[in-house]
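Written out below as structure tokens is the structure these notes cover.
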Ligand code: PHE
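Numbering (the working numbering), first residue to last: 5 to 368.
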């Protein structure tokens, strides 16, 4: 019968082999439990040493303890080896491909409400056969005022309404009008478009405009859309029909429009146009008989200015084929912010330019 010490040597050999064969941290842990755990043979031998003959206790105890320590050390070593190997394969397999597109934390954004409103207007007008044009935001006094039939002393030329651009230095108070300015409206493009091409013209001009004005319904920079239709036999009825068609697309098929007499230097006659209120259907009163807050009980919402192109304006572009005896035309202009405010129930125009995502997200 082999001695207990021989048996311990067999255990050590078997244990060493098992430890070397363990291929993962989990397998190694199983090996540890099998060879060194509570139910392991070596553990039982160590526990039974006190029951041995006194002469055997020394050699058996010594051999068992050495084997336990040897296996423990080998397990630790193998564990470190396996951890290093796992780290290595992990690094290879989980390598990040930095050329892949990132996944954004937020949903992809969307167009600004002003841009969407502009595009809606453009779509409607393109559907009516109009071209979309753009013009310079930094403009000459000639196009912004003079060719639009503004007399020299028109109040809009005064410095408090218009931002003048003076490359030579700051404008001194009382210096009077300068030649270069930030356009105060999109109307200068009426003249530029007619200068560039003979009649007929059907165009709209969306774009930024600038005025020294700032409150809940005015901002120093805002957007307008200009409309111009010039050709033979164009009348005020065409203007009304065009505005009606456009505003029904924007505010709903039941809308009506009205025009009120007004004055603009570059149109004659001139009007302001209103759309019937889409909240109270033009009655001024809501279902619970309270006053409609949107139109302030009037039933109509003011939108912009319009009129028949003044013959004096054609006079500035007569070289391009605009003879006021042969042709007529209408023009209109209105603010994009105002349309967006009405469509989305936004009470303060400045909110559009704060670019607070909590507001902008609501238009996705
Ligand atoms: N340009 C004018 C404004 O800014 C609006 C307008 C445009 C009026 C075209 C008549 C014709 O108020």
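Just so you know, even glycine gets a beta-carbon here, dropped at the ideal spot from N, CA and C.
| Query | Result |
| --- | --- |
| Within a Cβ cutoff of 7 Å, which residues of the same chain sit near residue 147, ignoring the five residues on either side of it in sequence? | 192, 195 and 196 |
| Tell me whether the beta-carbon of residue 129 lies closer than 9 Å to the beta-carbon of residue 250. | yes |
| Using beta-carbon positions only, say whether residue 166 and residue 216 come within less than 9 Å of one another. | yes |
| Please check the pair residue 288 and residue 296, which I expect to be a contact at CB under 8 Å, by giving their CB distance rounded to whole angstroms. | 5 Å |
| Let me know the secondary structure DSSP gives residue 213 once reduced to three states. | strand |
| Quick check for students: name the residue ranges of the beta strand (DSSP E) that lie wholly in the segment 67–133, counting only runs of 3 or more. | none |
| Going by CA-CA distance only, name the one from 67, 291 and 213 that's closest to residue 223. | 213 |
| Taking 8 Å as the cut-off, is the CB of residue 3 close to at least one heavy atom of the ligand PHE? | Because residue 3 is not part of the residues shown, which for the chain are 5 to 368, the question remains open. |
| Could you check whether the Cβ of residue 233 sits closer than 8 Å to any heavy atom belonging to the ligand ADP? | With respect to the ligand ADP, the structure shown offers nothing to examine, as its ligands consist of the ligand PHE. |
| To the nearest angstrom, how far is the alpha carbon of residue 262 from that of residue 356? | 28 Å |
| Is the beta carbon of residue 2 less than 9 Å from the beta carbon of residue 277? | Because residue 2 is not part of the residues shown, which for the chain are 5 to 368, the question remains open. |
| Exposed or buried, what is residue 95 when buried is set at 16 or more other beta-carbons lying within 10 Å of its beta-carbon? | exposed |
| Distance, Cα to Cα, residue 255 vs residue 305? | 11 Å |
| I'd like the span of the alpha helix (DSSP H) that includes residue 14, first residue to last. | 8–25 |
| Alpha carbon to alpha carbon, what distance is there between residue 286 and residue 239? | 26 Å |
| Residue ranges of each alpha helix (DSSP H) run of no fewer than 4 residues wholly in the segment 203–266, ordered along the chain? | 240–255 |
| Just the C-alpha distance for residue 232 and residue 313, rounded to the nearest angstrom, thanks. | 9 Å |
| In the DSSP assignment, find the beta strand (DSSP E) that holds residue 278 and state where it starts and stops. | 271–280 |
| How about residue 339 and residue 228: do their beta carbons lie closer than 9 Å? | yes |
| According to the neighbour-count rule (16 or more other Cβ atoms, all chains shown, within 10 Å of its Cβ), is residue 51 buried or exposed? | exposed |
| Roughly how many angstroms lie between the CA atoms of residue 33 and residue 23, to the nearest whole one? | 9 Å |
| Classify residue 274 as buried or exposed, calling it buried when 16 or more other Cβ atoms lie within 10 Å of its own Cβ. | buried |
| Would you kindly work out how many angstroms separate the C-alpha atoms of residue 293 and residue 300, rounded to a whole number? | 13 Å |
| Looking at the ligand PHE, does it come within less than 8 Å of residue 146, judged from the CB to the closest heavy atom? | no |
| From residue 153 to residue 324, what does the alpha carbon distance come to, in whole angstroms? | 18 Å |
| Decide if residue 268 is buried, meaning its Cβ has at least 16 other Cβ atoms within 10 Å, or exposed. | buried |
| State the Cα-Cα distance for the pair residue 75 and residue 82, rounded to the nearest angstrom. | 10 Å |
| Grab the span of the alpha helix (DSSP H) containing residue 308 for me, first residue to last. | It is not in any alpha helix (DSSP H) - residue 308 instead sits in the beta strand (DSSP E) that spans 304–313. |
| Between the beta-carbon of residue 139 and the beta-carbon of residue 190, is there less than 9 Å? | yes |
| Heavy atom of the ligand PHE less than 8 Å from the Cβ of residue 310, yes or no? | yes |
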